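Numbering-wise (my numbering), the sequence shown opens with residue 1 and increments by one.
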Amino acid sequence: MIPAHRDLAAANGSSVHVESETQAQYRLGPLYGTYKFVVARQLSPEVIIGWDFMRDVGLTPAPDQGILQLREGATLKFLPVDGAPRVVAVAQRQPDIHMSESLAAWQTRELKLLLEEAAFASDQVPFGRATGREHEIVTTHERPAHLPLRRTSPNQRDIVRTEVEKMLAQGVIRPSKSPWASPIVLVSKKDGSTRFCVDYRSLNDMTKKDVYPLPRIDDILSALEGAKYFSSMDAASGYWQVPMASNSIEKTAFICTEGLFEFLMMPFGLCNAPATYQRMMQNILKELLWRTCFVYLDDILVFDRTWEEHQDNLREVLRRLRENGLLLKAPK
1 MIPAHRDLAA ANGSSVHVES ETQAQYRLGP LYGTYKFVVA RQLSPEVIIG WDFMRDVGLT
61 PAPDQGILQL REGATLKFLP VDGAPRVVAV AQRQPDIHMS ESLAAWQTRE LKLLLEEAAF
121 ASDQVPFGRA TGREHEIVTT HERPAHLPLR RTSPNQRDIV RTEVEKMLAQ GVIRPSKSPW
181 ASPIVLVSKK DGSTRFCVDY RSLNDMTKKD VYPLPRIDDI LSALEGAKYF SSMDAASGYW
241 QVPMASNSIE KTAFICTEGL FEFLMMPFGL CNAPATYQRM MQNILKELLW RTCFVYLDDI
301 LVFDRTWEEH QDNLREVLRR LRENGLLLKA PK
């Protein structure tokens with residue numbers, strides 16, 4: 001938490017003293033993310049959400065219907081409660097972080113304290129939602145590409161059902177009535193598991209290309225000369241942290257044995273997805289790039305010559321990621 005003492009006016013005209021601010025994870029139906037909350041002691045409800053929160057995450061109240069309408073078309077229902085439920089304490093388990101054995105004990109302690117400021121993904125909130133950024137698909141024409149359903153075996157249908165149900169529950173996809181349709185493909189991985197993919201080749205062929213570059217690995221390696229301290233981190237479900245532009249959602253539609261669905265978050269397989277993600281990350285970290293950190297899609301490396309510099313720069317990287325709604329992958 002960050003100290004932030006000030007007074008706010010409550011709806012009844014009384015004064016509410018704010019003690020601090022914090023970035024907290026939230027989950028509202030299919031919506032996941034992080035948001036800045038202020039902390040006050042004398043409020044009866046545990047959490048109050050305001051107009052700024054509803055505007056930023058895309059919620060519209062409809063009191064006459066007893067619902068909140070989501071930007072993507074879904075709704076949340078108000079549930080009456082008898083009194084205000086009391087939460088005694090809420091804590092998120094700090095994930096186990098791999099630390100170099102060459103660090104001194106005091107350095108390990110300092111690093112663990114610093115990482116308490118990081119926003120990690122969890123089972124409840126598996127990925128964040130980038131604020132103020134979205135992915136748009138611009139095509140050379142608007143004639144929808146719609147390919148037929150591909151054959152699947154009974155075992156593959158079970159895999160498809162599981163993946164679709166999981167993405168629906170996480171708010172990654174929703175049922176679609178789109179005239180666009182790309183087929184799915186199941187790819188076998190080395191560990192024997194199966195990766196669920198969408199074959200967007202037809203859509204990609206008609207998409208105007210974004211040629212934003214990825215950094216050269218040899219340039220990155222040469223810039224690391226002289227650095228003694230390194231911290232690497234991965235963004236959780238990288239692409240899924242970027243919302244789709246509303247005018248492009250229907251173009252992401254995919255067809256499978258479970259029906260027709262479309263992505264609310266940026267899917268893998270789109271030709272311009274790497275450019276969108278790299279541009280976003282470089283804009284978030286732009287003053288730090290090449291001086292103290294590199295970013296290659298969802299991989300982030302912080303490097304420094306001294307421990308003090310590394311602490312300060314790592315804290316700044318974590319702050320920028322957190323304030324832009326991005327969550328880090330929790331190590332296993």
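A virtual CB, placed ideally from N, CA and C, is assigned to each residue, including glycine.
This structure is a prediction, so every number in the text was calculated from the model and none was measured.
Kindly indicate the opening and closing residues of the beta strand (DSSP E) around residue 296.
Start and end: 293-296.
Would residue 317 pass as a contact of residue 270 if the rule is Cβ separation under 8 Å?
No, the pair does not count as a contact, with Cβ atoms beyond the cut-off.
Rounded to whole angstroms, how far is the Cβ of residue 240 from the Cβ of residue 172, which I believe are closer than 8 Å?
6 Å between Cβ atoms; contact.
If you run the structure through DSSP and keep just helix, strand and coil, what is residue 70?
DSSP places residue 70 in strand when its eight states are reduced to three.
Is the separation between the beta-carbon of residue 301 and that of residue 246 shorter than 8 Å?
No, Cβ-Cβ distance for residue 301 and residue 246 is not below 8 Å.
Would you check if the segment 264-284 and the segment 135-142 touch, i.e. whether three or more CB-CB distances between them fall below 8 Å?
Short answer: they touch.
Round the Cβ separation of residue 183 and residue 157 to the nearest angstrom and send it over; I've been treating them as touching at under 8 Å.
Actually they are not in contact, since the Cβ atoms of residue 183 and residue 157 sit about 14 Å apart, beyond 8 Å.
Use the C-beta contact count for residue 298: other C-beta atoms within 10 angstroms, 16 or more gives buried, fewer gives exposed.
Buried is the call here.
Tell me the rounded alpha-carbon separation between residue 312 and residue 217.
If I take the Cα positions, the gap works out to 25 Å.
Taking Cβ to Cβ, would you say residue 185 is nearer than 8 Å to residue 25?
Contact: no.
What number of angstroms, rounded off, separates the C-alpha of residue 55 from the C-alpha of residue 102?
So the two alpha carbons sit approximately 47 Å from each other.
For residue 131, does the three-state DSSP call read helix, strand or coil?
Correct three-state label for residue 131: coil.
So who's on the other strand from residue 181, going by DSSP bridges?
Answer by DSSP bridge pairing, in chain order: 146.
I want to know whether the segment 159-166 touches the segment 186-198 - three or more CB-CB distances under 8 Å.
The answer is yes - the segment 186-198 touches the segment 159-166, with three or more Cβ pairs under 8 Å.
On the DSSP bridge assignment, give the partners of residue 40 in chain order.
Answer is 18.
Tell me, which residues are paired with residue 2 by DSSP?
In DSSP, residue 2 forms a bridge with 21.
Between which two residues does the alpha helix (DSSP H) containing residue 110 stretch?
Its alpha helix (DSSP H) spans residues 105-115.
What first and last residue would you give for the beta strand (DSSP E) that runs through residue 327?
Note, residue 327: premise wrong, no beta strand (DSSP E); not H, not E.
Counting only the same chain and skipping the five closest in sequence on each side, list residues whose C-beta sits under 7 Å from that of residue 305.
So the qualifying residues of the chain are 226, 227, 228.
Per DSSP, what kind of secondary structure is residue 302 in: helix, strand or coil?
Here residue 302 sits in strand by DSSP.
Is residue 174 helix, strand or coil by DSSP?
Reduced to three states, the DSSP call for residue 174 is strand.
Just to confirm, are residue 121 and residue 280 a CB contact at a threshold of 8 Å?
No; because the gap between Cβ atoms is not below 8 Å, this pair is not in contact.
Please tell me whether residue 336 and residue 261 are closer than 8 Å, where the distance is taken between their beta carbons.
Outside the modelled stretch of the chain, which goes from 1 to 332, sits residue 336, for which no answer is possible.
When the Cα of residue 142 is compared with those of 203, 303, 118, 174, which residue comes out closest?
When each option's Cα is compared against that of residue 142, the closest is 203.
My output table needs one value for residue 49: the three-state DSSP class, helix, strand or coil.
DSSP places residue 49 in coil when its eight states are reduced to three.
Measure the C-alpha to C-alpha separation of residue 111 and residue 57 and round it to an integer number of angstroms.
Their Cα atoms are separated by approximately 32 Å.
To the nearest angstrom, how far is it from the Cα of residue 264 to the Cα of residue 113?
When rounded, the distance between both Cα atoms is 35 Å.
Is it the case that the CB of residue 126 approaches a heavy atom of the ligand ADP more closely than 7 Å?
Of ligands this structure carries none, so the ligand ADP is not represented either.
Whole angstroms are fine: how far does the CA of residue 292 sit from the CA of residue 89?
Interpretation of residue 89 is limited by its pLDDT of 37, a score under 50 that renders its predicted location unreliable; no figure is taken from the coordinates.
Would you identify the three-state DSSP class for residue 233, choosing helix, strand or coil?
If DSSP states are grouped into helix, strand and coil, residue 233 belongs with the strands.
Taking residue 16 as the reference, give the member of 34, 255, 39, 192 with the closest Cα.
Checked all of 34, 255, 39, 192; the closest Cα to residue 16 is 39.
Using a 10 Å radius around the Cβ and a threshold of 16 neighbouring Cβ atoms, would you call residue 59 buried or exposed?
With 16 or more Cβ atoms within 10 Å of its Cβ, residue 59 is classed as buried.
Which residue wins for smallest C-alpha separation from residue 179, given the options 223, 205, 170, 250?
Measuring from the Cα of residue 179, the nearest candidate turns out to be 250.
If we ignore side chains and look at the alpha-carbon of each, how far apart do residue 118 and residue 127 end up?
Their backbone Cα atoms lie some 13 Å apart in a straight line.
Rounding to the nearest angstrom, what Cα-Cα distance links residue 148 and residue 255 in this structure?
Cα-Cα distance, rounded: 8 Å.
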